[in-house]
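Enquirer:
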Amino acid sequence: VMEVDKKFARFDFSFRVEDHTFKATTKPIEIQLDNTVVVRGELNFSDMVKFDDVKKMLSAKLGNNKADIAVEGQDNARVFQFAVSGINRTGESQQLIITVDGSSVKMDRSETLSVNIPAKDKFQLFEYEVVSSPEYGLRLTFSDLVSESQDLKGLITLNNVSNYTVQVQANQVMIYFTRAASMTELRFTIDQGLKNQMGDVFGETKDLTVALEMLKPQVEILTTGAVMPNSGSLVLPFRAVALHAVDLKII
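Going from the sequence shown to my numbering is simple: count from 1 and add 66.
#1: Could you spell out the range, first to last residue, of the beta strand (DSSP E) harbouring residue 122?
#2: Let's test the definition: count the other Cβ atoms within 10 Å of the Cβ of residue 235 and tell me whether it reaches 16, buried, or not, exposed.
#3: Under the rule that 16 or more other beta-carbon atoms within 10 Å means buried, what is residue 184, buried or exposed?
#4: Run the CB neighbour count on residue 276, radius 10 Å, all protein chains shown included, and call it buried at 16 or more, exposed below.
#5: Quick check: the stretch 88–108 against the stretch 150–163, are there 3 or more CB pairs under 8 Å?
#6: Round the Cβ separation of residue 90 and residue 166 to the nearest angstrom and send it over; I've been treating them as touching at under 8 Å.
#7: Using DSSP bridges, identify the partner residues of residue 183.
#8: List the DSSP bridge partners of residue 153.
#9: Excluding five sequence neighbours on each side, which residues of the same chain lie with their C-beta closer than 8 Å to the C-beta of residue 201?
#10: Per DSSP, which residues does residue 68 bridge with? Please list them.
#11: Buried or exposed, going by whether 16 or more other CB atoms sit within 10 Å of the CB of residue 264?
#12: Quick check: the Cα distance between residue 249 and residue 279, rounded to an integer number of angstroms?
#13: Taking 8 Å as the cut-off, decide whether the C-beta atoms of residue 95 and residue 178 are in contact.
#14: Starting from residue 256 and walking both ways along the beta strand (DSSP E), at which residues does that stretch end?
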């Protein structure tokens, strides 16, 4: 051991160890062509865990009946996907309960996720939320497959946005738009004439409002890896939010 001056003989320092934990989330329900429901979700861990241990963590019940839950992922990974498929809809709404028990991965915690399964023969708006990936927009999730043969212009309207694109994806409708930095809320209308795949109409006109979080100034590079020039020129795709200008420095 090296000798040092007495005033350096004691050195106090502190450090923090990352908590060994996980987070479970579910995605919007998916309605299939046979009118059954699929519920998908994701498990994120702070450390790498074994696939077989993750499978032991998950269980699901629909009412009083056990539901099969499938898990996808690689061994020694941090992110895993799970799904409950083939859920039959009934005349009344049901609750799917997904339990996540951390004991198999030596975590003293558990989570319970509750997912509402809509009743059949009731075409309604199930949930809505603003999303930022892969593009900024509004996602509407309905209880039935939305008809793709109808012109959605005038049936789903953003009231305070002039330019937007509407796409039907099974029982979801995605509305993509460019948000102004000063925009604090999004107002939209769903017309009563909107139809599901069976031709049933929505039945009532809904005017809804979503509060938007203030955008923080940021720059995002829209590519990964090395950026190589091509034929003496270089295109660097990026996205800027709430900025007047972006300065680029090449080292």
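Even for Gly, the Cβ is constructed at its ideal location relative to N, Cα and C.
Expert: Quick look at the numbers:
#1: Going by DSSP, residue 122 is part of no beta strand (DSSP E) but of the alpha helix (DSSP H) stretching over 117–123.
#2: Exposed, because fewer than 16 other Cβ atoms sit within 10 Å of the Cβ of residue 235.
#3: By the neighbour-count definition (other C-beta atoms within 10 Å, threshold 16), residue 184 is a buried residue.
#4: By the Cβ-count criterion, residue 276 is exposed, with fewer than 16 other Cβ atoms from all chains shown falling within 10 Å of its own Cβ.
#5: The stretch 88–108 is in contact with the stretch 150–163.
#6: At roughly 5 Å, the Cβ-Cβ gap stays under 8 Å, so residue 90 and residue 166 are in contact.
#7: Under DSSP, residue 183 takes part in a beta bridge, and its partners are 160.
#8: In the DSSP output, where bridge partners are listed per residue, residue 153 has 103.
#9: Cβ neighbours of residue 201 beyond the five flanking positions: 242.
#10: DSSP output for residue 68 lists no bridge partner at all.
#11: Residue 264 should be labelled exposed.
#12: Going from the Cα of residue 249 to the Cα of residue 279 covers about 9 Å.
#13: Between residue 95 and residue 178, the C-beta gap is not smaller than 8 Å, which leaves the two residues out of contact.
#14: Element bounds for residue 256: 251–256.
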